[in-house]
Structures are given as structure tokens and as C-alpha cells.
Amino acid sequence: MENIKNFTREERKEALKALGVPAFREKQIFGWISKGAKSWLDCKNLGAGLIQKLSESFSWENVDVDLVQESTDGTKKFLLSMPDGNKVEAVFMKYSYGNSLCISTQVGCAMGCRFCASTIGGRIRNLKAWEMLGEYIACRDYAGEPINHIVLMGMGEPFDNYEEVCRFLDMIHDEEGINLSLRNITLSTCGLVPKIKQFGDEYPQVNLAISLHASSQEEREKLMPVANAYSMDELMSACREHAKKTGRRVTFEFTLIEGRNDTEETAIALSKLLKGMLCHVNLIPLNPVTETGMTGTSRKSAENFRQILESKGIPATVRRSMGRDIDAACGQLRKKNM
Ligand code: SAH
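Quick note on numbering: the sequence shown equals residues 574 to 911 in the working numbering.
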């Protein structure tokens, strides 16, 4: 049985029409989904007869909260269960501009970045669009607060699950549903170049973040296997093109690893690489993952790195490492609970 949530509005209208259910019922059902109803029985205004009929044709499955770790800074890290028992993580964060949720796009990840916990067991499966929407609804309702920003920066590589991620964007952006502005969404990728181009054409309003983590092809290959498939040159020209095409700045995520990519030379090389591009660099001291043997750079080195970039005209911020006390780095909570 197909889950009623796994449709875009238009698709659901069609599916209901095929059952002989009038179109206005779709709006009611979508309303219940967006409000976080847990079952067909919650959809009070449909009436018992219709509920019976619909529940014989469509399932109503949910994403459930399994475990929550709360940090003193307001960050909440969620372990969420999918109906098949697979688990992913999401992180709720409070910022001055509002609440933000970091959501996962896959169970596990195939990209193999050397410093990342999400990829250790490989990719188990792609998440469906409705499961990503379900992450949002489950966390919003647990937190009891509105969430107006989303970052696709949890477990998984969004561009390795392109179709479902786009369907999710359509669902959450829908004005009859949650109606979240695409401009309040950031997608982070390790750099699948052809998809960067496609996405820039199809969703120019969504913010793009690139996980760069190195300033040379050689060093990037050592940290991120994806660099073997798409070179630094190809990646950089795709990013320049993206910034021009969309008129929006590209964010570069740069995880600082002690003694690896936190040197002055790296900062200078990085500034050359990004010169003249509409961009911003987010510097994040590595969250240590036991299995990787790598350590994060000190606050002082991170600040020094930032100053070098700024002096060369590249805007950069050292990100607060939120929720460090609760294993907020990607994939750590899930791994401990497998
Ligand atoms: N696959 C996507 C999105 C998920 S990873 C991507 O690569 O962008 C989200 C971000 O967290 C990426 O920038 C990733 O490189 C970074 N990251 C992964 N493990 C980390 C760790 N242990 N410490 C700090 N950042 C990490």
C-alpha cells in the first residue's frame, strides 16, 4: 500500500480522483499531514466512512522520534526511526534569525569522506521525499516551536538522492502545506558537479553549500574520494557558474583538521582559489570521530585562518560548534545506537 504522504499535491489529487474522492478532500488531507496527524483516525473532518475507504487504499506511516539529546545551548539532536526500522539523525538549532533544522537525505552515505562518521557503514538506502518531510514534522512537533530554516546537511549526500530531494523541496515549499521559502533552505554537497549544474537551473532560489575541505586537488583526494571523480578545477568552475547564474553566493564548508588543512599556506591557496567569486567560507573545527584518528584545529588557529582569508578579501566565519556535548557531528549518534 502506498503511503498517502508520499505524493506531491498534484500526484495526490490524481490518486484520490482515481478513487472517486473529490478534490477538496486533498486539501484537507494535506492540511492534516502538515499539522503532524499521526494516523487516518486523526483526520476528523474527513468523516468515518471516507476514513475507512482511504485507509483501505493508502497507508499512513510516520517518522518517529527514537531518542533526543539536548544541549545546554538549545541544540536538540534527534535519532529518528523510519517505518522499516532504519534510523537517521536530525539536529534542531536555535539562531538569532530563527530555528533551523539539519536533516538527513540518506541512511548512511556512499561518499567515503575520511573524517565523517555517517559514511563508515556505507549507504544503506535513499530516504523518500515524505521521510524527509517526516523528519521536519517530527522534530518541529517535539520541539513545539516553528522551524523556518532547513539545511540538507545531515547524513547522506543530497545529490546522490537527487529526485527524492527535489520532490521533498516541492512538498515542503508547497503553499498549501508547510509553505517554507526555498530561500530559507540550504543544500550541502560534497561536489557532484553535473548535479550542481542541474540544480542551479531547477532550484536557483535554494542556497548551495559545497564541502570543500582542501585547497588543492592532491589534498582533497586524500580526504574526499569524490575528488577522484570530479576535479577541483571542474568543481570551481561549476561554482563560479552557479554564483553567476543564480546571483546568490556559494557557501564553502571548510572543516579544519589539525596539521592537515589548517596551515597558513592552505589559507592563502584557498583565497586564490576563491578570488573574485560571490562566496562565503564557513570554517568548522573538525568534530572528532574516534575511528578517523583526526583532531580538530584549535580556536586560535581557526581564527588565524579566518583572518588570512579576510585579509585577501574572502568573507569567512568560524562556526560555533553547536551541541558538542551531545555528539552533534554527523552520524555519531546513530553509530552509537546501532
Ligand atoms: N554530503 C553532504 C552533506 C552532509 S555532510 C556534504 O558533503 O556536504 C555535512 C557537512 O558536515 C559537510 O560539510 C561535511 O564535510 C561535514 N562533516 C562531516 N563530518 C564532520 C566532522 N566530523 N566534523 C566537522 N564537519 C564534518
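Just so it is clear, CB atoms sit at the ideal spot from N, CA and C, and this is done for glycine as well.
Treat the numbers as computed from the prediction; the structure is a model and nothing was measured.
Distance cut-off 7 Å: residue i Cβ against heavy atoms of ligand 1
i: phenylalanine 665; result: no
i: isoleucine 857; result: yes
i: valine 862; result: yes
i: cysteine 739; result: no
i: alanine 690; result: yes
i: methionine 684; result: yes
i: cysteine 812; result: no
i: histidine 853; result: no
Bounding residues of the beta strand (DSSP E) (the contiguous stretch that carries residue i)
i: serine 761; result: 758 to 762
i: aspartate 778; result: Aspartate is not the amino acid found at residue 778; the sequence shown has glutamine there. Here glutamine 778 belongs to no beta strand (DSSP E), and DSSP marks it neither H nor E.
i: glutamate 643; result: 637 to 643
i: glutamate 807; result: Glutamate 807 -> not in any beta strand (DSSP E); alpha helix (DSSP H) instead, spanning 805 to 819.
i: leucine 829; result: 823 to 829
i: arginine 698; result: 696 to 699
i: leucine 856; result: 852 to 858
Distance CB(residue i)-CB(residue j) smaller than 8 Å
i: glutamate 559; j: serine 677; result: The structure shown does not extend to residue 559, since the chain is modelled only from 574 to 911, so the question has no answer here.
i: serine 784; j: serine 761; result: yes
i: isoleucine 830; j: leucine 859; result: yes
i: glycine 773; j: valine 799; result: no
i: glycine 695; j: alanine 711; result: no
i: methionine 809; j: leucine 846; result: yes
i: lysine 608; j: leucine 706; result: no
i: cysteine 686; j: glycine 727; result: no
i: alanine 889; j: leucine 856; result: yes
i: histidine 786; j: asparagine 721; result: no
i: valine 661; j: tyrosine 715; result: no
i: asparagine 699; j: phenylalanine 631; result: no
i: threonine 836; j: proline 777; result: no
i: serine 691; j: glycine 681; result: yes
Extent of the continuous alpha helix (DSSP H) run through residue i
i: alanine 840; result: 837 to 847
i: alanine 889; result: Not the alpha helix (DSSP H): alanine 889 falls in the beta strand (DSSP E), residues 889 to 891.
i: cysteine 712; result: 702 to 716
i: isoleucine 602; result: 597 to 608
i: asparagine 801; result: 799 to 802
i: leucine 627; result: 621 to 630
**Request:** Quick one: which unbroken alpha helix (DSSP H) runs of 4-plus residues sit fully inside the stretch 647 to 683? Chain order, please.
**Result:** none
**Request:** Can you check the stretch 719 to 753 for any beta strand (DSSP E) of at least 3 residues that lies completely inside it and give the ranges in chain order?
**Result:** 722 to 725
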